[in-house]
Every structure is written in structure tokens, then in C-alpha cells.
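My numbering runs 1 ahead of the 1-based position in the sequence shown. Notes for the one structure printed next.
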Amino acid sequence: MVRILVVDDNPAVRNYLRSLLEQQSTWQVCDEARTGREAIQRVEKNPPDMILLDFQMPDLNGLDVARQITKIFPEIPILMVTIHLSKQLTDEARRAGIRGACAKTDVGSIVEAVDALLHAGTYFPANNAIQN
């Protein structure tokens, strides 16, 4: 069973992501976090196999959270799921150690991206699929 941590400040989005991910029989949302700091604490206490991370949160943004987590646990793949997908953000995400990025609204790409990251790949949309 693949254990996934979902990090988003919006409870409706966390529920949506949980139900989407748990449609896959081998994926389980093992925990949720509402803020960046909470995410870091949860990962330190009980490292998941993968993290789905929002970009915009009340305390730390997703890039800051990813930088801190990848310093301690470089092996945990992080997928940024955001409504603010842009070329600049995906470039920053790569530099922060994030292995994939996709839009919250693109259900198919979220499942595809999680699968790619779990198989040691990366998942970034083609430049023509995102706004600059």
C-alpha cells in the first residue's frame, strides 16, 4: 500500500484529493495537513511514501515546504497540485526538489502524475499546456 500525505489548507480540496487517490486500490491517504508547518511536522514524525502539496497556504508556500522536506527526506517524491500553474512556478518547483506539478482541476493528470512519481519519474506539463 502506497501511503500519501495530502497538504492543502482547504478541507474540500483535501477531501476531493483523498477520494480521487483512494480510487486506486494500492494508494492510501495516510494523513492530511492544513499548513506547510503542519506538513513538515507530519513528515518528520511519520514519513509517507509520497506527498501531494498545495502551492498557496497560510504560512509557508509549497516551494518552501518542499525545500525543507527534500533536505531531510530527498527520497520522498513531491507532487505540487495547484490552481496557479505557470511556467515560472514549475521551474521554481523543479529547483525546490519537487518532482511534478499539475492543476487541481485536471483530475486525469493528478492520477497520471502520482503514478509517474511513484515509478521514479517526473511529471511536468508541456509548456504549451500552462499559462505564462
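For each residue, glycine too, the CB sits at the ideal point set by N, CA and C. What you are looking at is a predicted structure, and each value in this text was computed from that prediction instead of being measured.
Between the beta-carbon of residue i and the beta-carbon of residue j, is there less than 8 angstroms?
| i | j | result |
| --- | --- | --- |
| Q69 | I41 | yes |
| D55 | D92 | no |
Whole angstroms are fine: how far does the CA of residue j sit from the CA of residue i?
| i | j | result |
| --- | --- | --- |
| V115 | V66 | 18 angstroms |
| T36 | P126 | 25 angstroms |
| I73 | L64 | 15 angstroms |
| V14 | S26 | 20 angstroms |
| Q132 | R38 | Low per-residue confidence applies at Q132: pLDDT is 48, beneath 50, and the placement is therefore not dependable, though the value from the model is reported in the following sentence. If you take the alpha carbons of Q132 and R38, they lie about 29 angstroms apart. |
| G98 | H85 | 18 angstroms |
| A130 | S87 | Its pLDDT being 49, under 50, A130 is placed unreliably by the model, and the measurement read from it follows with that caveat. Their Cα atoms are separated by approximately 9 angstroms. |
| L22 | P12 | 15 angstroms |
| L90 | W28 | 27 angstroms |
Between the Cα of residue i and the Cα atoms of the options, which residue gives the shortest distance?
| i | options | result |
| --- | --- | --- |
| V3 | Q24, A104, P59, T123 | Q24 |
| P75 | I84, K88, R96 | R96 |
| M58 | N47, V82, T71, K46 | V82 |
Tell me which residues share the same chain as residue i and place their Cβ nearer than 8 angstroms to its Cβ, disregarding the 5 neighbours each side in the sequence.
| i | result |
| --- | --- |
| L179 | As displayed, the chain neither begins before 2 nor continues past 133, which places residue 179 out of reach and without an answer. |
| L6 | V30, C31, D32, E33, A34, A40, R43, V44, P49, M51, I52, L53 |
| A124 | One detail in the question is off: residue 124 reads as Tyr in this sequence, not Ala. Same-chain partners within the cutoff: L80, R100, G101, A102, C103, S110, E113, A114, A117, L118. |
| T106 | I84 |
| N47 | C31, D32 |
| V108 | L21 |
Residues in its own chain within less than 6 angstroms of residue i by CB, not counting five upstream and five downstream?
| i | result |
| --- | --- |
| Y17 | none |
| T71 | G98 |
| A1 | Examination of residue 1 is not possible in this model, given that the chain is present from 2 through 133 alone. |
Under 7 angstroms Cβ to Cβ from residue i, same chain only, skipping five residues before and after it: list those, please.
| i | result |
| --- | --- |
| R19 | V7, V30 |
| L61 | G37, R38 |
Since residue i and residue j should fall inside the 8 angstroms C-beta cutoff, what is the C-beta to C-beta distance between them, to a whole number of angstroms?
| i | j | result |
| --- | --- | --- |
| G101 | A117 | 7 angstroms |
Report yes if the C-beta of residue i is less than 7 angstroms from at least one heavy atom of the ligand SAH; otherwise report no.
| i | result |
| --- | --- |
| S110 | Among the ligands in the structure shown, none appear at all, so the ligand SAH cannot be discussed. |
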